[in-house]
């Protein structure tokens with residue numbers, strides 16, 4: 001029989017659908033055809049595979065070779081199918097046995113020498129293979145990434161010859177070495193480095209507990225970037241499932257996953273010249289953007305108004321839904337985007353409005369035009385708006401005081417407070433539904449009258465009403481998990497909304 005079947009995995013967003021590589025050898029003029037909706041890189045595999053087989057000391061069939069990648073309606077791209085195609089050709093020509101092919105999947109790009117090269121999207125493929133109970137063979141260059149998946153049978157190889165030797169029973173392939181675990185105390189920049197800024201530190205703690213979005217506004221050099229960089233260090237550690245989701249996005253994007261840092265929350269800080277495609281993802285072959293690379297972590301946008309209006313507006317939907325759907329003529333892909341937005345901006349074009357040490361030279365019209373670059377609907381989605389004033393020079397260069405808590409101390413407090421939200425709804429307060437909000441944020445008659453009057457004076461929208469209640473619920477959780485919201489919780493939540501009206 002001149003027919004052989006091997007298994008591999010395609011890459012479709014963060015999914016990894018199974019692909020059956022069917023190889024048939026028949027009479028006729030020698031040729032190799034690959035069918036099943038292959039992209040250019042897959043069609044070119046016929047030349048890579050032929051030379052790799054010959055350089056691995058095997059014979060390439062002098063017959064008509066037909067390779068079908070099923071299902072045919074699924075687009076295939078990249079060099080990830082090279083190893084499966086080569087083994088299918090060798091098995092169809094009876095040069096390697098077929099017994100081990102049935103319950104094994106193969107991923108890897110072939111060099112002309114027969115060596116295996118790394119491919120992207122290994123983590124999603126391993127997660128799906130684990131659900132099917134199959135063994136997976138991957139290039140050694142992907143070994144560290146493959147070691148992150150627990151309870152999956154993974155073998156690594158350097159070359160096509162090694163895999164063929166394993167199929168013949170002449171040698172063994174070894175699993176990847178166990179990955180390193182990250183110490184939760186090693187979380188990057190420390191909050192103790194920040195002097196003063198008590199209100200901003202308080203806002204960061206609230207954001208870390210509830211998963212809220214934050215805007216920091218102040219003159220240049222007041223520590224906005226320092227504060228933003230230290231938010232990941234006070235967030236609760238990622239669970240194993242969250243870490244795997246985040247690493248899967250990085251793997252699909254072609255980024256190298258560091259096994260020593262895989263449990264660390266991502267921090268992405270794109271430049272303000274970034275395009276909408278760079279921010280949310282896309283392209284001819286859709287790839288994840290910065291908001292997906294920040295999944296389960298922090299997206300920091302410095303110089304917020306300097307981003308073009310179009311780029312900022314594409315953030316609105318993923319900030320609400322936690323996903324981004326990219327539609328193209330031929331395909332539609334969804335990427336996760338559950339991120340916390342931390343934005344920083346100056347109060348005016350020159351940056352010194354309201355600064356006691358520098359004189360602002362901007363006219364009121366210039367200030368208004370500058371601030372109105374951020375639309376009202378986008379500001380409506382930012383829960384905490386905080387002023388970051390200049391720090392007195394006398395406070396710089398001195399040892400930290402009791403008020404300058406380090407990240408580990410704040411993180412322990414954050415984790416205790418977040419447990420209240422997890423016990424109620426199973427997720428942070430920023431993600432709870434309207435029905436859960438009505439259940440968990442019920443107000444007494446007096447608090448309701450006071451809160452409604454404050455909302456009326458500020459002219460807040462219905463979205464801002466619900467988001468303010470979520471922030472108040474987070475503040476109550478920090479306040480030893482208070483069951484009922486009182487006026488102090490509501491007042492503090494409302495004060496963070498005062499600056500959110502800057503674009504009106």
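In UniProt numbering, the protein residues as written are 1 to 504.
Virtual Cβ for every residue (Gly too), placed ideally from N, Cα, C.
Quick check: residue i and residue j, are their CB atoms within less than 7 Å of each other?
i, j, result
"residue 125", "residue 117", "no"
"residue 97", "residue 146", "no"
"residue 316", "residue 378", "yes"
"residue 386", "residue 216", "yes"
"residue 372", "residue 337", "no"
"residue 37", "residue 61", "no"
"residue 252", "residue 42", "no"
"residue 68", "residue 119", "no"
"residue 222", "residue 351", "no"
"residue 234", "residue 200", "no"
"residue 266", "residue 415", "no"
"residue 138", "residue 129", "no"
"residue 85", "residue 45", "yes"
"residue 298", "residue 276", "no"
"residue 318", "residue 290", "no"
"residue 107", "residue 80", "yes"
"residue 238", "residue 263", "yes"
"residue 374", "residue 286", "no"
"residue 461", "residue 191", "no"
"residue 423", "residue 429", "no"
Can you tell me whether residue i is buried or exposed? The criterion is at least 16 other CB atoms within 10 Å of its CB, across all chains shown.
i, result
"residue 288", "buried"
"residue 142", "buried"
"residue 249", "buried"
"residue 273", "exposed"
"residue 17", "exposed"
"residue 171", "exposed"
"residue 498", "exposed"
"residue 346", "buried"
"residue 9", "buried"
"residue 403", "exposed"
"residue 47", "exposed"
"residue 59", "exposed"
"residue 203", "buried"
"residue 480", "exposed"
"residue 33", "exposed"
"residue 174", "exposed"
"residue 488", "exposed"
"residue 353", "buried"
For the alpha helix (DSSP H) containing residue i, list its first residue and its last residue.
i, result
"residue 52", "45–55"
"residue 495", "487–495"
"residue 197", "Run containing residue 197: none; DSSP gives neither H nor E here."
"residue 321", "316–321"
"residue 425", "407–425"
"residue 232", "231–234"
"residue 368", "364–371"
"residue 146", "143–146"
Figure out for me which residue from the options has the closest Cα to the Cα of residue i.
i, options, result
"residue 25", "52, 69, 92, 9", "92"
"residue 210", "223, 476, 83", "476"
"residue 212", "100, 196, 223, 232", "232"
"residue 358", "218, 12, 259", "218"
"residue 113", "207, 410, 52", "52"
"residue 495", "158, 238, 468", "468"
"residue 539", "72, 115, 27", "As shown, the chain starts at 1 and ends at 504. That puts residue 539 outside it, with no answer to give."
"residue 19", "224, 376, 70", "70"
"residue 104", "73, 238, 493, 166", "166"
"residue 220", "278, 303, 331", "303"
"residue 344", "367, 276, 430, 225", "225"
"residue 66", "368, 21, 456", "21"
"residue 283", "294, 327, 295", "327"
"residue 380", "464, 325, 425", "464"
"residue 409", "205, 324, 361, 370", "205"
Looking at the secondary structure, which residues open and close the beta strand (DSSP E) in which residue i lies?
i, result
"residue 308", "Here residue 308 belongs to no beta strand (DSSP E), and DSSP marks it neither H nor E."
"residue 443", "Where residue 443 is concerned, there is no enclosing beta strand (DSSP E), given that its DSSP letter is neither H nor E."
"residue 96", "Residue 96 -> no beta strand (DSSP E), and no H or E assigned at all."
"residue 342", "340–345"
Across which residues does DSSP place residue i in a beta bridge pair?
i, result
"residue 281", "288"
"residue 106", "137"
"residue 64", "26, 31"
"residue 38", "76"
"residue 252", "Paired residue(s): none; residue 252 is not in a bridge."
"residue 350", "DSSP, once it has assigned bridges, lists no residue as partnering residue 350."
"residue 398", "Bridge partners of residue 398: none, in fact."
"residue 215", "343, 385"
"residue 456", "DSSP, once it has assigned bridges, lists no residue as partnering residue 456."
"residue 156", "138, 174"
Hey, is residue i's beta-carbon within less than 7 Å of any beta-carbon in chain C?
i, result
"residue 389", "You won't find chain C in this structure, because it holds only one protein chain."
Should residue i be counted as a contact of the ligand SAM given a C-beta to heavy atom distance under 6 Å?
i, result
"residue 295", "The ligand SAM is absent from the structure shown, which contains no ligand whatsoever."
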